Amino acid sequence: QKVEALLDPPIQTVESSKLGKARRVDDAAGRYIEFCKSSVPMRFSLTGMRLVLDCANGAAYATAPHVFEELGAEVITVGREPDGLNINLEVGSTYPEKLAKLVSEYRADLGVALDGDGDRCIMVDGEGAVVDGDLLLYIIAISRQQSGELHGPIVGTLMTNLGLEHAFQKKSIPFMRAAVGDRYVLELLQQHDGTIGGESSGHLLCLDRTSTGDGIVSALQVLYEVVESGKTLAELTAEVQRYPQKMINVRLRDCKVKSTATIERAVADVEQRLGERGRVLLRPSGTEPLVRVMVEGQDATEVNALTEELAGVVMQEVGV
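Quick note: the sequence shown, position 222, residue 222 per my numbering, numbers continuous.
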């Protein structure tokens, strides 16, 4: 009612003379394709590479194939028939299983999956294994370090796998965690003069190449390292030992009560038992009345047991 009441008074509009001008940009798609290609050196070529490209029936369906084809790759596409309703429908970065199957079927070198609005990228190696945002972030970071272009810390999120953090430590690369969400990754990068960051979901930021998340640009940064090194995605990420991670969602009785002293003691106990071998995260959902209980560690059996134990305490204290 308060919001509706604000609509009652006459709305003040801006004078037409101050609205600015609208003009058509001819060949906007062509300009964007050239921009994407400019994110890698002019000598860069994908000649001889066969890749499967999943455009998620979304924003990049008309441009992404041309970028990779113009760089010399043989491109097999999927998710390139948008009808206004099928965006992200069992295709794209949230459904990499389909891409993995096609990579194997066509004996491709690798696969690239974008999401509906084109700002995320997930890849699949030649063996059909999914390479998520954490691993892609590692490849780009190491590439920048080797070229002397790495500035500031690498920024991940609270959900970034602990194995990635440890891999960066071994390479003497500073790493920081932001809250979940690309806007928070961007904020932390800007605060610490960093250029490379991202999320497990494949939303990567390469601020030394573009000002926002761009799945095509991110993919090109990874492909550049693949070509330059002569290594596969699996070989480039071999030093990252992913830690088993388990998450349980606990629905809340009262959205205002997300924790208690008992829960805090239980969390401290699990953290003490894990030590440096793992970590614990309790994260309230921003859209649903639930709290996410996550435990990560080196041993899958221990991780499963501790997650169940901690989720049980949370359920008893604040759950439905």
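Backbone N, C-alpha and C fix where the C-beta goes; we use that ideal spot for every residue, glycine too.
All values derive from a computational prediction rather than experimental measurement.
Distance between residue j and residue i (C-alpha atoms, nearest Å)
i    : j    : result
I216 : A261 : 46 Å
Q146 : I139 : 11 Å
E228 : T157 : 29 Å
T210 : T232 : 25 Å
S38  : E149 : 16 Å
E199 : P10  : 44 Å
D125 : Y224 : 15 Å
G92  : R265 : 41 Å
D323 : L6   : Any question about residue 323 goes unanswered here, given that the chain covers just 1 to 320.
L189 : D8   : 42 Å
Q221 : K171 : 19 Å
G20  : Y106 : 51 Å
F44  : L71  : 7 Å
V52  : L306 : 39 Å
L243 : Q272 : The amino acid occupying residue 243 in the given sequence is Tyr; Leu does not appear at that position. Each residue's Cα considered, the two are about 18 Å apart.
M159 : L186 : 16 Å
A59  : C121 : 13 Å
L46  : V103 : 17 Å
C36  : K246 : 37 Å
P153 : E4   : 46 Å
C55  : V40  : 21 Å
L274 : V267 : 11 Å
D115 : Y61  : 10 Å
L282 : R31  : 44 Å
A219 : A29  : 18 Å
V131 : K18  : 49 Å
V318 : A178 : 26 Å
Run of the alpha helix (DSSP H) containing residue i, from where it starts to where it stops
i    : result
P41  : Per DSSP, P41 belongs to no alpha helix (DSSP H) and is neither H nor E.
D254 : Taken as a continuous stretch (DSSP letters only), D254 belongs to no alpha helix (DSSP H), as it is neither H nor E.
T232 : Looking at the DSSP string, T232 is not in any alpha helix (DSSP H), and its letter there is neither H nor E.
D26  : Where D26 is concerned, there is no enclosing alpha helix (DSSP H), given that its DSSP letter is neither H nor E.
K2   : K2 to A5
E97  : P96 to E105
A238 : Neither: A238 is in no alpha helix (DSSP H) and is coded neither H nor E.
E70  : A64 to E70
Extent of the continuous beta strand (DSSP E) run through residue i
i    : result
Q245 : Q245 to R251
V52  : R50 to D54
Residue i in three-state terms, based on DSSP
i    : result
V130 : strand
T77  : strand
G297 : strand
G30  : helix
G20  : coil
G319 : strand
E149 : coil
Q12  : coil
T47  : coil
L137 : helix
G84  : coil
A261 : helix
T212 : coil
N57  : coil
A266 : helix
A357 : Because residue 357 is not part of the residues shown, which for the chain are 1 to 320, the question remains open.
Strand pairing of residue i, partner residues [DSSP]
i    : result
I122 : A113
R292 : N249 and R283
G278 : G297
G92  : Paired residue(s): none; G92 is not in a bridge.
Residue-level contact to chain C via CB, residue i, 7 Å cutoff
i    : result
H151 : In the displayed structure, chain C is absent; only one protein chain is listed.
Fully enclosed by the stretch 153-210, which alpha helix (DSSP H) runs are 4 residues long or longer?
162-170 and 182-191
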